[in-house]
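> I am attaching a structure below and will ask some questions about it afterwards.
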Amino acid sequence: EDFLKSGQKDNAFIKHERESGIPDVILYTSGTTAKPKGVMLNEDQFDENCTGFLKHLHITSEDSAIVALPLFHSFGNIMALVFCRVGATLILLKQFQPKLILSSISTHKATFLPLVPTIYSFLVDLYSRGGYDVSSLHTCISGGAALPKALLKKVEEVLGITVIEGYGLTETSPVVSVNTMKYGSVPGSVGPVLPNVEVKIIDDMGNPVAQGEVGEILVRGKTVMSGYWKRIEETKETIQPDGWLKTGDLGHLDEKKRLYISAGRKKDIIIRAGENVSPLAIENVLMGHPAPAEVAAVGIADERIGEKVKVCVVLRDGANATEQELKDFCRKNLPAFMTPDLIEFQESLPKTATGKIIKSQLK
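Heads up: the sequence shown begins at 549 in my numbering, then just goes up one per residue.
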């Protein structure tokens, strides 16, 4: 209070002029598949993204949000900005830990919780043991990676809340699409595209695909970055002359114009004996088995068939499963060519500071 009294109400913010072309901020990509790249963005782009985001999320000044996501990451950054935009209460946590998150919800009576999928699995297991009151919480926002349908359903059932899944990337400030609070979760979908963003899906030849067909997701709009910091060639490869940004993600649009991340990253596709294998499809199926807490599928070089499918699995506390059991589960729920060749059990999976699995370290 003394600090506030020392100020003057008529003080105005002074905006300093600077050279054109200099970004307001450089946020780095997560670096799960390659070396992190600096993304050049401006404050107007964050403002534009908040405007579009709020068309799908009904947040008021009465709400409060637990933000355990790092603010140097685009997801954590936009979550903080969008809640501040409406005057909601923001509870920032120093540690990205399920125990602290649950206790903070109880203490601060939080209504919103944005998180990445890898944390939800551990959060649900911990909550199931008892001792935490999350009755104030009504909405979780999931982003940063695909959320398996089985995990989404489990989070909603165990916590008694609605999970709103969205999609974005640092290069687009970051939100591209998100399910609306009006209609709630749509398992498998990352929602309708924001009203101030354009999306199209193209094939390998660059031609638009028909509705429902899978292709690479392209994004255009005011929220698209100006480029990568000191990486001119990579910028040219990513942003087309007409402004469309190539995301490298594979997805499709349904009849209601909702976006789906159908096959994950284009670079992650495993070529096994001439067949395209989606790691995301394998991961989604295995997360439907009761034993795994985390799953990551990768391709490993093989002289005979090009690449073999390797899956790394972290089991839930107290759970048991054998390699053959999980292979049989995949065989029942996937085409034969997508059945993993190798399943490796691990204590934990390598992750970035934002909770994304670093697949390059699993090969």
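For glycine and all other residues, C-beta sits at the position ideal for the given N, C-alpha and C.
All of these numbers come straight from a predicted model, not from anything done at the bench.
Would Tyr668 and Ser690 be called neighbours here (beta carbons separated by less than 8 Å)?
Yes, the Cβ-Cβ distance between Tyr668 and Ser690 is below 8 Å.
> Could you compute how far the alpha carbon of Leu717 sits from the alpha carbon of Ser578?
Distance between the alpha carbons of Leu717 and Ser578 is about 10 Å.
> So, are the CB atoms of Glu704 and Ser737 less than 8 Å apart?
Result no, Cβ atoms of Glu704 and Ser737 do not sit closer than 8 Å.
> From the DSSP output, read off the bridge partner residues of Cys688.
Looking at the DSSP assignment, Cys688 forms a beta bridge with Leu661, Val711.
> Examine the Cβ distances between the segment 654 to 667 and the segment 612 to 627 and report whether three or more of them are shorter than 8 Å.
The segment 654 to 667 is in contact with the segment 612 to 627.
> In the segment 727 to 814, which residue ranges form an unbroken beta strand (DSSP E) of at least 3 residues, counting only runs that do not cross its ends?
Complete beta strand (DSSP E) runs here, min 3: 737 to 740, 746 to 750, 763 to 768, 793 to 801, 806 to 813.
> In the DSSP output, what is Ser725 paired with across the bridge?
According to DSSP, Ser725 bridges with Tyr715, Val741.
> Enumerate, from N- to C-terminal direction, the unbroken beta strand (DSSP E) stretches of 3 or more residues contained entirely within the segment 821 to 899.
Segments of the beta strand (DSSP E) lying fully in the segment 821 to 899: 823 to 825, 840 to 850, 854 to 863, 890 to 893.
> So, helix, strand or coil for Ile649, using DSSP?
In this structure, Ile649 counts as helix in the three-state DSSP scheme.
> Suppose the cutoff is 6 Å on Cβ atoms and the five residues either side in sequence are ignored; what does the same chain contact list for Asp816 look like?
Excluding positions up to five away in sequence, the list reads Pro827.
> So, do the segment 750 to 757 and the segment 802 to 809 have three or more beta carbon pairs nearer to each other than 8 Å?
Segments in contact, no.
> Which residues in the same chain have their Cβ closer than 6 Å to the Cβ of Val859, if we skip the five residues on either side of it in sequence?
For Val859, where only same-chain residues beyond five positions count, the Cβ hits under 6 Å are Ala845, Pro888, Ile891.
> Could you check the C-alpha separation between Val724 and Val745 for me, to the nearest Å?
Val724 and Val745: Cα-Cα distance of roughly 7 Å.
> Need the endpoints of the beta strand (DSSP E) that Ile614 sits in, please.
It spans 612 to 615 - the beta strand (DSSP E) in which Ile614 sits, taken as one unbroken run.
> Just checking, does the segment 866 to 876 make contact with the segment 899 to 911 on the three C-beta pairs under 8 Å criterion?
As far as the Cβ criterion goes, the segment 866 to 876 does not touch the segment 899 to 911, which means the pair count is below three.
> On the three-state DSSP scale, how would you describe Ile905?
DSSP places Ile905 in strand when its eight states are reduced to three.
> Here's the rule: buried if 16 or more other CB atoms are within 10 angstroms of the residue's CB, otherwise exposed. What is Asp751?
Exposed.
> Leaving out five residues before and five after Arg879 in sequence, what residues of the same chain have Cβ atoms less than 6 Å from its Cβ?
Thr887, listed in sequence order.
> For Val634, which residues of its own chain have a beta-carbon under 8 Å away from its beta-carbon, when the five flanking residues on both sides are left out?
If we look at Val634 and ignore the five residues flanking it on each side, its Cβ neighbours are Leu602, Ile607, Thr608, Ser609, Asp611.
> So, are the CB atoms of Ile653 and Val630 less than 8 Å apart?
It is not a contact, given that the beta carbons lie outside the stated cut-off.
> Secondary structure at Val682, three-state DSSP: helix, strand or coil?
Here Val682 sits in coil by DSSP.
> Among Gly624, Ser568, Arg864, which residue has its Cα nearest to the Cα of Pro722?
Residue Gly624 is the option with its Cα nearest to Pro722.
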